[in-house]
Ligand code: GUN
Ligand code: ZN
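In this note's numbering, the protein residues as written are 2 to 453.
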């Protein structure tokens, strides 16, 4: 199927009920609070889904008008939201021995050039979205490549799968190799065409366009101005970019934009900071940047696996809380080494621990579900089990293999149990992944091998 929007098929009579240990959030848990009232844990409950939407939860079994799936003894969570990830970089993940700028030139740009070929773009988009689903991620904010076809292919593949996707063609008109640069006029035409065809085309659309500035060094001031003009013309557009990830990058931006107060200011003065802006990393921000971010309503996507792997630095999450800007969590594959949100949250815990902070399972899981949904303005659609949201839902084993099982058996209270799950599990524990109430991933029997 090729569709220009992602819409739920009309099937008003399908009623599906999933039984398991339901876990979601009603609000943001306070930092460090392991007994948070924002945690909604409903063990052994039924999640009721009608025509692809969640309609409620209950302890009693629903009647036979419902198709019942009993996952008793398993954990059921809202699908994860990856707030920053690169679809063409699956093949780059795990590349040795480089910090950001060197890593881009040596590994990433050569991999992205290949996406100028429509066949590569189509296959790559499908493989990438299927990989997200196989990791329990049902919604994502995605960087494709500079090529228009790479964004088209992603939109079309997401529509085929009914997934919530925010993406846009990457803007980059300098400091990149041949085959990976655009120019301001052509880029503007491509953005407008993609917006017309894919951005929230109907009330049920699950696709949205993000004005996608790779990062300040790869856009001329004229291109940044064009990006800002697109955002100003339509406040429903998202914006995504990178900011203050790596010290050499920050120094380079200071050279390229000598009149800007800071790296963040390069974006701020073009009107690129707004409530639908997602800025990856934000490690090397000063107090004024943090104040500007909070006032703008923009969010930072914390990418711990990437930040550790590329040696970029340690993001200070409690400082973000104090400053009052939103934080979501993200894999940043291929700087990050895993699409698994549990693996990324584990790295997030370690990054915070290095600075003496303790990230609860609640802080991590909230940021990867309801928190990201709220930061993106999509909480009416994704991120929780609130009635009326779409049934993007994952069923997980609490533990597989003797080590994790033994750990679960000695866990006493709920936070200990969920924290052990978050740190010891990964995509191999995913049992079912639903998007809009339709099953989109189940492991093969052979795939579900026992782990030690
Ligand atoms: N900064 C500019 N491009 C990239 C990218 O592809 N990955 C990461 N981690 N940082 C970037
Ligand atoms: Zn990135």
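Beta carbons: idealized from backbone N, C-alpha and C, even for Gly.
Indicate, with yes or no, if the ligand ATP has a heavy atom lying under 7 Å from the CB of residue i.
i: residue 144; result: As presented, the structure is devoid of the ligand ATP, carrying the ligand GUN and the ligand ZN as its sole ligands.
Distance check for residue j and residue i, CA to CA, integer angstroms please.
i: residue 452; j: residue 95; result: Its pLDDT being 44, under 50, residue 452 is placed unreliably in this model, and the value from its coordinates should be taken loosely. C-alpha separation (whole angstroms): 23 Å.
i: residue 220; j: residue 205; result: 34 Å
i: residue 187; j: residue 56; result: 45 Å
i: residue 379; j: residue 29; result: 15 Å
i: residue 122; j: residue 128; result: 10 Å
i: residue 439; j: residue 215; result: 34 Å
i: residue 304; j: residue 66; result: 44 Å
i: residue 18; j: residue 63; result: 7 Å
i: residue 237; j: residue 445; result: 40 Å
i: residue 442; j: residue 162; result: 11 Å
i: residue 437; j: residue 388; result: 13 Å
i: residue 147; j: residue 307; result: 21 Å
i: residue 334; j: residue 229; result: 26 Å
i: residue 71; j: residue 43; result: 15 Å
i: residue 382; j: residue 263; result: 35 Å
i: residue 210; j: residue 91; result: 22 Å
i: residue 339; j: residue 332; result: 7 Å
i: residue 68; j: residue 130; result: 27 Å
i: residue 126; j: residue 85; result: 15 Å
i: residue 371; j: residue 35; result: 17 Å
i: residue 309; j: residue 355; result: 11 Å
i: residue 270; j: residue 297; result: 12 Å
i: residue 223; j: residue 87; result: 25 Å
i: residue 455; j: residue 93; result: A question about residue 455 goes unanswered here, because the residues of the chain that appear run from 2 up to 453.
i: residue 285; j: residue 83; result: 22 Å
i: residue 403; j: residue 420; result: 17 Å
i: residue 316; j: residue 136; result: 24 Å
i: residue 377; j: residue 23; result: 23 Å
i: residue 61; j: residue 134; result: 30 Å
i: residue 241; j: residue 299; result: 10 Å
i: residue 322; j: residue 278; result: 18 Å
i: residue 463; j: residue 375; result: As displayed, the chain neither begins before 2 nor continues past 453, which places residue 463 out of reach and without an answer.
i: residue 124; j: residue 106; result: 24 Å
Just to confirm, are residue i and residue j a CB contact at a threshold of 8 Å?
i: residue 330; j: residue 312; result: no
i: residue 199; j: residue 139; result: no
i: residue 280; j: residue 251; result: no
i: residue 407; j: residue 425; result: no
i: residue 38; j: residue 385; result: no
i: residue 435; j: residue 369; result: no
i: residue 152; j: residue 169; result: yes
i: residue 454; j: residue 401; result: Lying outside 2 to 453, the shown extent of the chain, residue 454 is not represented and no answer is given.
i: residue 243; j: residue 282; result: yes
i: residue 149; j: residue 181; result: no
i: residue 192; j: residue 225; result: no
i: residue 178; j: residue 110; result: yes
i: residue 265; j: residue 293; result: yes
i: residue 346; j: residue 432; result: no
i: residue 89; j: residue 120; result: no
i: residue 390; j: residue 115; result: no
Quick one: what's got a C-beta closer than 8 Å to residue i's C-beta in the same chain, skipping five residues either side?
i: residue 295; result: 324, 325 and 326
i: residue 320; result: 291
i: residue 59; result: 46, 47 and 49
i: residue 100; result: 247, 249, 311, 312 and 313
i: residue 367; result: 26, 29, 30 and 39
i: residue 351; result: 305 and 309
Looking only at its own chain, which residues have a Cβ that is under 6 Å from the Cβ of residue i, when we skip the five neighbours before and after it?
i: residue 166; result: 159 and 208
i: residue 227; result: 185 and 189
i: residue 261; result: 267
i: residue 41; result: 25 and 27
i: residue 253; result: 218
i: residue 14; result: none
i: residue 363; result: 30, 37 and 40
i: residue 51; result: 16
i: residue 373; result: 82, 84 and 329
Near residue i, what residues of its chain come up, given a Cβ to Cβ distance below 7 Å and the 5 sequence neighbours on each side ignored?
i: residue 427; result: 341, 343 and 344
i: residue 21; result: 72, 73, 75, 76, 77 and 396
i: residue 171; result: 144, 145, 146, 147, 213 and 215
i: residue 1; result: With the chain covering 2 to 453 only, the question about residue 1 has no answer from this structure.
i: residue 287; result: 263
i: residue 173; result: 147, 181, 182, 183, 215, 219 and 220
Cβ pair count under 8 Å reaching 3, the segment 405-421 against the segment 149-158: no
The segment 68-86 touching the segment 385-400, judged by at least three CB pairs closer than 8 Å: yes
Any heavy atom of the ligand ZN nearer than 5 Å to the CB - residues listed: 281 and 333
Closer than 6 Å: residues whose CB approaches a heavy atom of the ligand GUN: 87, 101, 105, 109, 215, 216, 243, 246, 307, 333 and 336
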